[in-house]
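The numbers in the working numbering rise by one with no breaks, and the one at position 17 of the sequence shown is 436.
Just so you know, even glycine gets a beta-carbon here, dropped at the ideal spot from N, CA and C.
None of these values were measured; they are calculated from a predicted model.
Here is the structure we will look at, set down as structure tokens.
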Amino acid sequence: MLEIKDSVAVITGGASGIGLAVAQYWAQQGGKVVIGDIAEEALAAAKDRIGGDTATVVCDVTSEEDSARLADTAISAFGRINLVAPFAGIIMDGLMVVPDRDTGKVTKKMSLAQFQKVVDINLTGVFLTVRECTERMINNGCRGLICLVSSTGSLGTAGQINYSSTKAAVSVMPKVLTAEFFRRGVSDKIRCAAIAPGYCATPILEGMNQKALDNILQDVPIKRLIQPEEVASLVVELYRNEALAGEVFYVHGGLRLGSRG
Ligand SMILES: NC(=O)c1ccc[n+]([C@@H]2O[C@H](COP(=O)([O-])OP(=O)(O)OC[C@H]3O[C@@H](n4cnc5c(N)ncnc54)[C@H](O)[C@@H]3O)[C@@H](O)[C@H]2O)c1
Numbered sequence: 420m421l422e423i424k425d426s427v428a429v430i431t432g433g434a435s436g437i438g439l440a441v442a443q444y445w446a447q448q449g450g451k452v453v454i455g456d457i458a459e460e461a462l463a464a465a466k467d468r469i470g471g472d473t474a475t476v477v478c479d480v481t482s483e484e485d486s487a488r489l490a491d492t493a494i495s496a497f498g499r500i501n502l503v504a505p506f507a508g509i510i511m512d513g514l515m516v517v518p519d520r521d522t523g524k525v526t527k528k529m530s531l532a533q534f535q536k537v538v539d540i541n542l543t544g545v546f547l548t549v550r551e552c553t554e555r556m557i558n559n560g561c562r563g564l565i566c567l568v569s570s571t572g573s574l575g576t577a578g579q580i581n582y583s584s585t586k587a588a589v590s591v592m593p594k595v596l597t598a599e600f601f602r603r604g605v606s607d608k609i610r611c612a613a614i615a616p617g618y619c620a621t622p623i624l625e626g627m628n629q630k631a632l633d634n635i636l637q638d639v640p641i642k643r644l645i646q647p648e649e650v651a652s653l654v655v656e657l658y659r660n661e662a663l664a665g666e667v668f669y670v671h672g673g674l675r676l677g678s679r680g
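And the structure:
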């Protein structure tokens, strides 16, 4: 089992929600943290909440330069990277095409910008963070885990063709990277896995109206939202247990995904 104490986590989206919860959990167990986020003020507040050995980097995960700077900061501040958690993500929901209920003709459609922005942050951004951090992990002889965040939305949620597509793409990455690491002889040191949360109590969902929330909860057997700390606990377990690799691990409170029982 790997120890958290003195291990270094690089977390994007670390100023809020699940990323912040992972950073706090990691620091509480004696780990060092580098959090990257585009939200400058929230990032400074997060640093205060996390305490301990925490470095912050204001960065846009869609920028190659920013992603390299984030990974470099971990090496210059702490000398290594052990956990990579590229958790920055957004939703911009909408139907792909909206036929008018009276005329049956399409009156509105999802813009390219609405599709592309989600792809840029949730998919390209993940690729850049993971590529830059993995390069430095290998070159500095680090041991640890690339922990991606997919979603139950990866199975296909109406109104989320942009988001669901990115999360489905992220779901395949643990298989691809585990095979690549194996091929090049680094898979005993660097693993890749993904978590797929259901509906979590983070700022994204807390802003939802009560009716939509009640609808969602009808499909959740534990009858409540997942707490960010419950997701963070899974990330830490995946890190510690080296037998866990190459898979997607769900954390959704028993969410009914197929036929209703
Ligand atoms: N909350 C849920 O129910 C849920 C469920 C499944 C998966 N997820 C995934 O977990 C991850 C975290 O979600 P969350 O609920 O904590 O969201 P959140 O909105 O609380 O946090 C996301 C963070 O990402 C940052 N960010 C956005 N764009 C960025 C960019 N271009 N560069 C750098 N940082 C940027 C934001 O500033 C924010 O701090 C996301 O990838 C999300 O898709 C969330």
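Taken in chain order, the whole alpha helix (DSSP H) runs of length 4 or more contained in the stretch 430–473 are 436–447, 459–469.
For residue 526, the enclosing beta strand (DSSP E) starts and ends at 525–528. For the pair of segments examined, the stretch 513–527 was found not to touch the stretch 479–490: the number of CB pairs separated by less than 8 angstroms stays below three. Distance between residue 568 and residue 506, taken at the CA atoms: about 6 angstroms. Counting C-beta pairs closer than 8 angstroms gives three or more between the stretch 432–447 and the stretch 461–474, which meets the contact rule. Set against 8 angstroms, the gap from the CB of residue 616 to the closest heavy atom of ligand 1 is smaller. In the DSSP assignment, residue 616 forms a beta bridge with 670.
With contact defined as three or more Cβ pairs closer than 8 angstroms, the stretch 548–565 and the stretch 420–430 are in contact. In the displayed model, residue 639 falls within coil according to three-state DSSP, outside both helix and strand. For ligand 1, no non-hydrogen atom lies closer than 8 angstroms to the CB of residue 669. The alpha-carbon separation between residue 645 and residue 513 amounts to approximately 24 angstroms.
In this structure the stretch 628–644 does not touch the stretch 599–613; the number of beta carbon pairs closer than 8 angstroms is below three. Within its own chain, the residues whose Cβ lies closer than 7 angstroms to the Cβ of residue 578, once the five positions on either side in sequence are excluded, are 512, 513, 514, listed in chain order. Boundaries of the alpha helix (DSSP H) harbouring residue 654: 647–659, taken from the DSSP string.
One thing to note: residue 489 has its Cβ no nearer than 9 angstroms to the Cβ of residue 658. In this structure, DSSP gives residue 611 an extended state, which the three-state scheme calls strand. In the same chain as residue 673, and ignoring 5 residues on each side of it, the C-beta atoms closer than 8 angstroms to its own belong to 639, 640, 641, in chain order. In the three-state DSSP reduction, residue 577 falls in the coil class, being neither helix nor strand.
Checking the 8 angstroms criterion, the Cβ of residue 658 is out of range of every heavy atom belonging to ligand 1. In this structure, the alpha-carbon of residue 534 lies about 11 angstroms from that of residue 583. Residue 492 and residue 516 do not touch by the CB rule: their CB atoms are close to 43 angstroms apart, not below 8 angstroms.
When secondary structure is reduced to three states using DSSP, residue 663 falls in the coil class, being assigned neither helix nor strand. Here residue 526 is exposed: its Cβ has fewer than 16 other Cβ atoms, across all protein chains shown, within 10 Å.
Assignment of residue 480 by DSSP, reduced to helix, strand and coil, places it in the coil class.
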